[in-house]
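Colleague:
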Amino acid sequence: MGRWWPSRLLLGLLCAVVSAGLVGRTDGGVTSSFVRKAEKGVDMPIDSDVFSVPPGYNAPQQVHITQGNHDGSAMILSWVTEDEPGSSKVLYGTDKDQLDFYAEGKYTRYKFYNYTSGYIHHCTLRHLKHDTKYYYAVGIGHTIRKFWFTTPPEVGPDVPYTFGLIGDLGQSHDSNVTLTHYESNPKAQTVLFVGDLSYADTYPNHDNVRWDTWGRFVERSTAYQPWIWTAGNHEIDFAPEIGETVPFKPFSHRYHVPYRSSGSTAPFWYSIKRASAYIIVLASYSAYGKYTPQYQWLEAELPKVNRSETPWLIVLMHSPWYNSYNYHYMEGESMRVMFEPWFVKNKVDVVFAGHVHAYERSHRVSNIAYNIVNGKCKPVPDESAPVYITIGDGGNLEGLANNMTEPQPDYSAFREASFGHAIFEIKNRTHAYYTWHRNQDGNAVAADSMWFYNRYWKS
Ligand SMILES: [Fe+2]
């Protein structure tokens, strides 16, 4: 005993010294002092191999899939042909060498200033069997390309399922590292993407060629796994100076989502059920004030969530409500004021956002007591509140947000200015394990992690 205590004390002191070197402790949680280059990122050159056009006449390119209805028994398949429309047909089946079924899609195209898109095909496969591997072929009649995907298990309260989280990806060298790290995780089954896809709008006249290169870059994942889309500010593409006044034109032509199946009237806010999760996607850049379509939809939507069927209630949005970086500070505030009481009342488990090019995780806090005269405007610990995670650290050309408000606010549990991605691994109705992976580490190394205890089912 006499010998044991000093050695334990020594170990404790050693740990304190080591951790003091790694992190700065402030009023709030932990600010990681992990240091890296702070200069802006550089987009991969247009002739990079990741952007290469698949060989063959009118070969389908930019292939991507997303959930096609509310319960996951449908899949929307999309691709682009450049030479001529070609066929919008998809052949598919469960036997790789025998694609017994077919579905007919449609194509669309659009002009943006002096750019004209290719033929953008969308085809929905319906009545798919759950938890089944399907093979599919597109480019029928010209150059056929084959891919595969696995449908989610039937919706149920204890169905394990693993989501990846990526935001603000862009098409820089860092973006490529992020995607490669995500892909190296064999567990991840679906990407929850929190907005800001291609960053084409950072080019002169929003050069939409960079929408095409982005589609080809991410195809190695998006053709095989559904990516659940959230619209960010870089999807708005509002450019009246060149006569482009229809917001979201490139995004909404290229990326279809199953908004109608959740009763939404626009493709920027919608919901899906997948395995044991209920995922609500909100639109930071569409109206959300009282009486607006999004407000009315969300008000009606939240009571529909049956936690006995889908225990995990996850919300995606682009602009974070709780963000302690000096970038986009308080941009999410007006939406927070509108919807935060509903999130607390309905015990949302976690909110994922992007926009800020860094990583941050909050404690469970709410700030809903304020009523204009009582002065109660400080976030307070709240066990019914979600954890807010900012994961806008995909690695786009704009570079890292590395300037933080000081001291770290009480509500902020962990923050670090690094690129990376996260994994949300649902085990059953009560437990999920969450890990954030910075790009500088291998995929197996978690730079931040926590166990989530379901807000509805926790004891
Ligand atoms: Fe953004």
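Just so you know, we're using full-length UniProt numbering here: the sequence shown kicks off at 1 and counts up by one.
Backbone N, C-alpha and C fix where the C-beta goes; we use that ideal spot for every residue, glycine too.
The structure displayed is predicted, hence computed values, not measured ones.
#1: Rounding to the nearest angstrom, what Cα-Cα distance links N326 and H357 in this structure?
#2: Can we count G232 as close to ligand 1, meaning its CB is less than 8 Å from some heavy atom?
#3: Can the beta-carbon of F414 be found less than 9 Å from the beta-carbon of G29?
#4: Per DSSP, what kind of secondary structure is Q171 in: helix, strand or coil?
#5: Report the option in G215, I389, A223 and S271 whose CA atom is closest to the CA atom of T230.
#6: Where do the ends of the alpha helix (DSSP H) carrying M75 lie?
#7: Kindly indicate which three-state DSSP category A277 falls into: helix, strand or coil?
#8: With the cut-off set at 9 Å, would you say residue 464 and E360 are in Cβ contact?
#9: Relative to the alpha-carbon of Y115, which residue among H328, V305, P250 and A422 has its alpha-carbon at the smallest distance?
#10: In chain order, what residues of the same chain lie with their CB nearer than 8 Å to the CB of K376, ignoring the 5 residues before and after it?
#11: Nearest by alpha-carbon distance to I120: which of N403, A353 and P60 is it?
#12: Taking three-plus beta-carbon pairs below 8 Å as touching, is the stretch 208-217 in contact with the stretch 156-171?
#13: Rounded to whole angstroms, what is the Cα-Cα separation between K345 and N367?
#14: Expressed to the nearest angstrom, what Euclidean distance is found between the alpha-carbon atoms of N41 and L400?
#15: Using only alpha-carbon positions, find the residue among W269, P386, V305 and D410 that is nearest to Q296.
#16: Cβ of Y285 within 9 Å of Cβ of I228?
#17: With a threshold of 8 Å, establish whether the CB of G392 neighbours any heavy atom of ligand 1.
#18: Buried or exposed, going by whether 16 or more other CB atoms sit within 10 Å of the CB of V18?
Modeller: Taking the geometry as given:
#1: 11 Å
#2: yes
#3: yes
#4: coil
#5: S271
#6: Where M75 is concerned, there is no enclosing alpha helix (DSSP H), although the beta strand (DSSP E) it sits in stretches over M75 to T81.
#7: strand
#8: Residue 464 is absent from the structure shown; the chain starts at 1 and stops at 459.
#9: P250
#10: A369 and Y370
#11: P60
#12: yes
#13: 13 Å
#14: First, the residue type needs correcting, since residue 41 is Gly and not Asn in the sequence shown. The straight-line gap from Cα to Cα measures roughly 8 Å.
#15: W269
#16: no
#17: yes
#18: For V18, the predicted model reports a pLDDT of 36, less than 50, meaning its position is unreliable; a value from the coordinates is still stated below. Exposed, because fewer than 16 other Cβ atoms sit within 10 Å of the Cβ of V18.
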